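First up is the structure itself, then whatever we jot down about it.
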Amino acid sequence: MANLTDLASSLSSALQNLPPTESIQDAERFQILGLIEQLQNKLEPPFFTILNKFCFSHHALVVVRIAQGMGIFDAFAASNNTEMGVEELHSKTKGDQEFLERTMRHLCALKVFKQTDEDKYQPLPLAPMFVGELPTGSLIRHVKKTEEEANFDSHTNMLVAAKLHEYLKNNGYKSPDDAYNSPFQFAYQTQDHYFEWLKKDPEEQQAFNKTMTVGRQAMGTLWFEYFPVVEKLQASPERTLLVDIGGGIGYDLSQLKKEFPDLPGRLVVQDLPEVIDDISEPLPDGVEAVKYDMFTPQPIVGAKAYCLRTVLHDWPDRQALEVLARVREAMAEDSILLLIENVFPDSNVPATSASLDLTMMTMFSSLERTRGQWASLLEKGGFRLVHVWTPEQENSGRNSVFEAVRV
């Protein structure tokens, strides 16, 4: 039987001797995190698991969003994230001091701040990440937006999730398959698709756009680091080399151009007008932005490659096949399609992947697909799968590149 005193001593020693976070390789990181999770599962009493993991888990999101609205993170950022007393903090934030102290207690329990004295608080590494103007701060706003700030009641993914059971009960507990008849429309009593509804609120549209950059930047290994770019992406200088459909504000193509500055041909990022209009920094030379609705005929015909990067996971098969049809119509005989998507495991699904799948269902009637489901979708769309390119270290990025040609 394990000696828990010795175990505690070993863990304490290991914590004190951990290397700097940035020097830890992902393989080691995820292995250790998996062991920590197993240890917690064995040691934590079931009742506490029920409270923390199931009953109270949403409180963290709620408290952080309240703190954003009060200006707590902005106040610490303006003070260079130094320790601050409650009276000084109160003078720089909204609300009364008693509520501020209650909020700070919650944030300290979440290890966002540390209470260094009875009325003093020190930011921990998470705190600066919740500043409203940062992509990570926008991620919180995108998931949970307060009723005061919204134009249409409380704008939150959480509200849709709260209505999910009622929606599924009404529909016989079946996976939804129409993007215009999803739990989102049910919760908000609207006929608009989420993206149509989103653009009616410019502030939330901007938060969504920034949130999408978090997903792209946090993927670790970028797709063109393991896809043979030089071999596959060759075209004459006057030809469009790559069209990034639904490419947001151009993050991927900007990084691609930086990595491969001598690539021939045009690089074009396409997205809806409200996304393209939100591009605040100039794109690199050779990269241009075009406003485009992917359900309409593709205006750039005969490009060497068309790319859909984490786009189709937002759509059930019914609408995804419409998008693929528009791409297929525009392709030349030697064109290739690069479908870059999360690949859902066939078994032992991580919690984050399972949550993403639930999010796709609630907001879009969509799903996270397995490798077989992606291959099947391509086949239904009139494509032949040539190869699937996957990063060596899958923990550093869940995306795979499905290279396909039209049949």
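The sequence shown begins at 1 in the UniProt record's numbering and counts up by one. Positions of the beta carbon are idealized from the N, C-alpha and C atoms, including for glycine. The structure displayed is predicted, hence computed values, not measured ones.
Spatially closest choice to residue i from the options, by CA coordinates
i	options	result
D252	P284, E196 and D119	P284
G286	E118, P261, I50 and V405	P261
V206	L164, K174, I279 and H165	Inspection of the sequence shows that residue 206 is occupied by Gln rather than by Val. Nearest of L164, K174, I279 and H165 to Q206, Cα basis: I279.
M361	P183, F76 and L324	P183
S366	Q97, G265 and A179	A179
H313	D357, S91 and P273	D357
V388	L378, V401, Q68 and S23	V401
K257	K199, L110, L233 and E274	L233
D74	R239, Q16, H59 and K94	K94
L124	S254, F76, N171 and Q16	F76
G246	V268, M331 and Q189	V268
T240	V230, L263 and F224	L263
T370	S254, N399, V343 and T116	V343
Neighbour-count burial assignment, residue i, 16 or more Cβ in a 10 Å radius
i	result
K53	exposed
Y167	buried
E368	buried
D271	buried
F364	buried
P4	Correcting the residue identity first, residue 4 is Leu in this sequence and not Pro. L4 should be labelled exposed.
S335	buried
Y306	buried
residue 429	There is simply no residue 429 to check, as the chain begins at 1 and stops at 407 in what is shown.
F56	exposed
K169	exposed
E392	exposed
E403	buried
R29	exposed
K304	buried
G372	exposed
Y173	exposed
residue 452	No answer is possible for residue 452: it lies beyond the span of the chain, which begins at 1 and ends at 407.
E329	exposed
E147	Note that E147 scores 36 on pLDDT, short of 50, meaning its location in the model is unreliable and no value can be drawn from it.
A8	exposed
Q25	exposed
Q38	exposed
R378	In the sequence on display, residue 378 carries Leu and not Arg. By the neighbour-count rule (16 or more Cβ atoms within 10 Å), L378 is buried.
V301	exposed
V386	exposed
H165	exposed
P316	buried
N399	buried
Backbone CA spacing between residue i and residue j [nearest angstrom]
i	j	result
M104	V64	10 angstroms
N80	V86	16 angstroms
D153	A289	Any answer about D153 is weak, because its pLDDT of 32 lies below 50 and its placement is not dependable; what the coordinates show is given next. Whole-angstrom Cα-Cα distance: 33 angstroms.
V311	V349	21 angstroms
Q319	R309	16 angstroms
I249	I276	6 angstroms
M70	V160	25 angstroms
residue 410	A14	For residue 410 there is no data in the structure shown, the boundaries of the chain being 1 and 407.
F383	I340	15 angstroms
A325	G381	6 angstroms
L321	L338	15 angstroms
Q298	D244	12 angstroms
E149	Y292	At E149 the pLDDT is 37, less than 50, meaning the model places this residue with poor confidence and gives no usable figure here.
D346	T390	16 angstroms
V407	S376	14 angstroms
T82	W374	49 angstroms
K163	N157	10 angstroms
S10	L33	16 angstroms
V143	E274	Residue placement at V143 cannot be trusted, given a pLDDT of 49 that sits under 50; what the coordinates show is reported in the next sentence. Cα to Cα, the separation comes out at about 19 angstroms.
L222	A109	35 angstroms
E101	S91	13 angstroms
K42	I50	14 angstroms
P128	K114	13 angstroms
A351	R266	40 angstroms
A60	S12	26 angstroms
E231	V131	42 angstroms
F224	F48	44 angstroms
Residues bridged to residue i (per DSSP)
i	result
I336	A305
P123	F113
residue 409	Coverage of the chain is limited to positions 1 through 407, which leaves residue 409 absent and any answer about it impossible.
F383	R406
A289	V269
M84	Y121
V388	F402
Near the ligand FMN: residue i beta-carbon under 7 angstroms from a heavy atom
i	result
R266	What this structure holds is no ligand at all, so the ligand FMN is not there to describe.
Cβ of residue i within 8 angstroms of any chain C Cβ
i	result
L378	In the structure shown, chain C cannot be found, because there is only a single protein chain.
Taking only runs that begin and end inside the stretch 212 to 269, name each unbroken beta strand (DSSP E) of 3 or more residues, in chain order.
-> DSSP assignment within the stretch 212 to 269 yields the following whole beta strand (DSSP E) runs of 3 residues or more, N-terminal first: 240 to 245.
Residue ranges of each alpha helix (DSSP H) run of no fewer than 4 residues wholly in the stretch 30 to 110, ordered along the chain?
-> Counting only runs of 4 or more, we get 46 to 49, 59 to 70, 72 to 78, 86 to 91 and 97 to 109.
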